[in-house]
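Protein chains in written order, with my numbering: chain C, 137 to 539; chain R, 3 to 505.
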């Protein structure tokens, strides 16, 4: 398809709808003559140590601690779950270039960054994301921060690795709409990628492959580490890092009245389990069965993976279909009463921690203030100067209500 | 437990065929003496044991820090904030209404009892939790705690703790709730009026619960998703269920095993269930002495279990319990139940329909001391003829008769913190924090490490001073944020590391 479009563009087929795209492709074709000077980094991203065999391994402050049964959950000074790491600097950097390049979608209209925009907490500020041809998705785009520590992916926990996850949106007809053949063809047509894949996968005969696209994207995503928030400073022992009000919020958060930390357990702020909490769907939308489908089990109807709360202030709106516009609304849901938003006739086995905490308005405010202390974007990777394909970027900031 | 009905018919045939059947024989009964004989070996090998097993969870201090005295009208929390590891806080008799949180290590928080008057934490039914801690080596003792909404005393991931001699009344969901920690002792507490469990050990290892009195609560003592726990010498009465060992599915730590329940007085636990809807304990049938659900390797020995209308000991898998979520990672069966000698009197005299119906399939009517349902492997019992039993046909005779070889599962010397070499600490802090702004070569946000090395060669202390309170030196760089949140040890380690790191 890339080639066909290019042909049309070069023949002056300036159909207005294609205008922008053709401009992109033309600029790409113009770079074909002199291949763009895009290099892959030979150093690891922040927080990674480069080994002699050219692998990046993660270092972070929580490695000073242990956790019970190596579960990676606990309290303040607790180890994190084992992270995915060990990719080469070149693979991580190629992943970064691919991540921002709209060439990954079938019609060059979307990149990964369209729905996982680093400027919006690696999400998109939308209640439900929009795929190719305006397809509205069923669910919101989860943040990618700290996904290296996760053991299951998607809201309904249906994928068990970052690799498996990446295949979903790439080849879903409603998301990026690509096919494996088309993906490889279009990457091959953007000459620069052949060289870049060869750099990232030097020992492979066919370096440019779907597998290596997936590996690179995984490598890049596993480099998105956010563990230096003000909360973290508190956790490591510097109690002045939080205000009295924020500490009060922490105490509400971990109290057994609100019970937030029972599922949003530090240090990752998720226990990575599926929970049925019974949030309302947006008006007019049918109940999302969630993990019922993944596990073929009625008792998980309406169940979703507990999301991390790190950088949560950056990823409004909230819940699987973005029903709550602000962090305060989301927090307030939990004090509305067990099952208050479950429609009549809907039979959900609500999680045992969905209770009747009767939080005060002040306590809700404190919870919100505390959650805002979980923000840290200091290791945000740089957006490439240009997409290797030459296509124009397709990630723009969407407006959303501030918490 | 309503679901018990559904499996009853199917299981009945199997059980009946394989069943142990008393009667119709003139042979002398085999009576096993539990005096002497082989002991249960236990399920825990303490690899770091260099000294004899301890009866304490917090190591005795070799030097005492400062003692902070809190008087009525003062805030206990103010003393916690002043305290440093090694210090003791003494709280004088009087009433205090606050939430006390300890995010520090090695603090001893002691109420002072004067002629029976205690330091009383009163939540006034408006405060959430009385005392919560995340630090290691914490002692909480001698308080009276009343009228909180959440918990009396809770810990989150604190290792090596002792919770002792506290009087806890109506503090909400749990009286005492250690979670996600290792090596803890809970003893001599009196806990009552709790809507879930008076003492709830959740997702923990190496815990000892002894000499407590728990009553008027839904669950007396609960060992959940935990390992290497001993519950002994407790008096648990007038709860819905006396002592529980189980697995709650859907939690991040998936199993419960190696639990010893011995020498407890478990009596009259027939209180109507007032647990919150949806809570696991809401499914406990009133009148349950001991409940074992899906937990493995639970030894029951030397208890007096009397006057429970449903059953003295109820053992079930997840499949026969209602309202549990699905968790493919949790093993649903209660394997390795080990019933040694217990005194069982007047149990199962007015049991629930589901239990009665299943008993009928074994042609059992009347009282029930021990009731087991669901698949089980490796379970055993001694002197089974003493009890009125249902569903234990698969139980073999145990090849041991007591647990005498095991005093407790506490860790001599305590759970040790991770050993981190200074160079490792320096590398972790450099990569985990500094590299966001400093690259080895070339400017990132701040100057390059090469430049820093040139400026501070052989002067790590000067670098520590700078990162603690940076003063702007160059107008062309953004101001560096102070790194004073790193502790002194880490600051020096990172300074040394930066000054020698290559590329």
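From the three backbone atoms N, C-alpha and C, an ideal C-beta is built for every residue, glycine too. Computed from a predicted model, the values in this text were never measured in an experiment.
Assign residue i to one of three DSSP states: helix, strand, or coil.
{"i": "residue 408 of chain R", "result": "coil"}
{"i": "residue 521 of chain C", "result": "coil"}
{"i": "residue 280 of chain C", "result": "coil"}
{"i": "residue 158 of chain R", "result": "strand"}
{"i": "residue 497 of chain C", "result": "helix"}
{"i": "residue 69 of chain R", "result": "strand"}
{"i": "residue 590 of chain C", "result": "With chain C covering only 137 through 539, there is no way to say anything about residue 590 of chain C."}
{"i": "residue 421 of chain R", "result": "coil"}
{"i": "residue 269 of chain C", "result": "helix"}
{"i": "residue 386 of chain R", "result": "helix"}
{"i": "residue 439 of chain R", "result": "coil"}
{"i": "residue 542 of chain C", "result": "Beyond the ends of chain C as shown, which are 137 and 539, falls residue 542 of chain C; an answer cannot be given."}
{"i": "residue 455 of chain C", "result": "coil"}
{"i": "residue 174 of chain C", "result": "coil"}
{"i": "residue 146 of chain R", "result": "strand"}
{"i": "residue 358 of chain R", "result": "helix"}
{"i": "residue 1 of chain R", "result": "Since the displayed chain R opens at 3 and closes at 505, residue 1 of chain R lies outside it and no answer follows."}
Hey, out of the options, whose CA is closest to residue i's CA?
{"i": "residue 428 of chain R", "options": "R/278, R/115, R/255 and R/496", "result": "R/496"}
{"i": "residue 524 of chain C", "options": "C/443, C/331, C/405 and C/451", "result": "C/331"}
{"i": "residue 259 of chain C", "options": "C/447, C/284 and C/216", "result": "C/447"}
{"i": "residue 199 of chain C", "options": "C/252, C/216, C/186 and C/316", "result": "C/216"}
{"i": "residue 314 of chain R", "options": "R/371, R/278 and R/439", "result": "R/371"}
{"i": "residue 130 of chain R", "options": "C/511, C/429 and C/384", "result": "C/384"}
{"i": "residue 267 of chain C", "options": "C/420, C/279 and C/246", "result": "C/246"}
{"i": "residue 349 of chain C", "options": "C/372, C/375, C/362 and C/322", "result": "C/322"}
{"i": "residue 67 of chain R", "options": "R/89, R/77, R/198 and R/76", "result": "R/89"}
{"i": "residue 33 of chain R", "options": "R/459, R/389 and R/101", "result": "R/389"}
{"i": "residue 205 of chain R", "options": "C/251, C/209 and C/195", "result": "C/209"}
{"i": "residue 262 of chain R", "options": "R/253, R/280, R/298 and R/288", "result": "R/298"}
{"i": "residue 350 of chain R", "options": "R/227, R/275, R/373 and R/364", "result": "R/373"}
{"i": "residue 257 of chain R", "options": "R/268, R/229 and R/280", "result": "R/229"}
{"i": "residue 282 of chain C", "options": "C/344, C/319 and C/354", "result": "C/354"}
{"i": "residue 112 of chain R", "options": "R/125, R/336, R/87 and R/70", "result": "R/70"}
{"i": "residue 198 of chain R", "options": "R/223, R/128, R/191 and R/181", "result": "R/223"}
{"i": "residue 242 of chain C", "options": "C/388, C/511, C/315 and C/211", "result": "C/315"}
{"i": "residue 282 of chain R", "options": "C/390, C/491, C/318 and C/430", "result": "C/491"}
{"i": "residue 228 of chain C", "options": "C/458, C/250 and C/356", "result": "C/356"}
Where residue i and residue j are concerned, what is the direct C-alpha to C-alpha distance, given to the nearest angstrom?
{"i": "residue 502 of chain R", "j": "residue 301 of chain R", "result": "56 Å"}
{"i": "residue 182 of chain C", "j": "residue 246 of chain R", "result": "48 Å"}
{"i": "residue 375 of chain R", "j": "residue 37 of chain R", "result": "30 Å"}
{"i": "residue 194 of chain R", "j": "residue 295 of chain R", "result": "24 Å"}
{"i": "residue 146 of chain R", "j": "residue 120 of chain R", "result": "6 Å"}
{"i": "residue 340 of chain C", "j": "residue 334 of chain C", "result": "8 Å"}
{"i": "residue 403 of chain C", "j": "residue 366 of chain C", "result": "13 Å"}
{"i": "residue 534 of chain C", "j": "residue 444 of chain C", "result": "22 Å"}
{"i": "residue 319 of chain R", "j": "residue 471 of chain C", "result": "33 Å"}
{"i": "residue 457 of chain R", "j": "residue 515 of chain C", "result": "26 Å"}
{"i": "residue 450 of chain R", "j": "residue 157 of chain R", "result": "43 Å"}
{"i": "residue 423 of chain C", "j": "residue 185 of chain C", "result": "45 Å"}
{"i": "residue 213 of chain R", "j": "residue 348 of chain R", "result": "24 Å"}
{"i": "residue 420 of chain R", "j": "residue 208 of chain R", "result": "18 Å"}
{"i": "residue 530 of chain C", "j": "residue 237 of chain C", "result": "8 Å"}
{"i": "residue 160 of chain R", "j": "residue 104 of chain R", "result": "10 Å"}
{"i": "residue 385 of chain R", "j": "residue 361 of chain R", "result": "20 Å"}
In the DSSP output, what is residue i paired with across the bridge?
{"i": "residue 226 of chain R", "result": "R/204 and R/248"}
{"i": "residue 78 of chain R", "result": "For residue 78 of chain R, which the question treats as bridged, DSSP gives no partner whatsoever."}
{"i": "residue 110 of chain R", "result": "R/90 and R/141"}
{"i": "residue 248 of chain C", "result": "Paired residue(s): none; residue 248 of chain C is not in a bridge."}
{"i": "residue 336 of chain C", "result": "Paired residues: none, contrary to the question."}
{"i": "residue 372 of chain R", "result": "R/315 and R/391"}
Taking the Cβ atom as the reference point for each residue, do residue i and residue j lie within a distance shorter than 8 Å?
{"i": "residue 241 of chain R", "j": "residue 216 of chain R", "result": "yes"}
{"i": "residue 39 of chain R", "j": "residue 404 of chain R", "result": "yes"}
{"i": "residue 383 of chain R", "j": "residue 317 of chain R", "result": "no"}
{"i": "residue 434 of chain R", "j": "residue 440 of chain R", "result": "no"}
{"i": "residue 327 of chain C", "j": "residue 344 of chain C", "result": "no"}
Exercise. Could you run through the region 173-187 of chain R and flag, in chain order, every residue whose CB is less than 9 Å away from some CB of chain D?
Key: No chain D appears in the structure shown, which is made up of the protein chains C and R.
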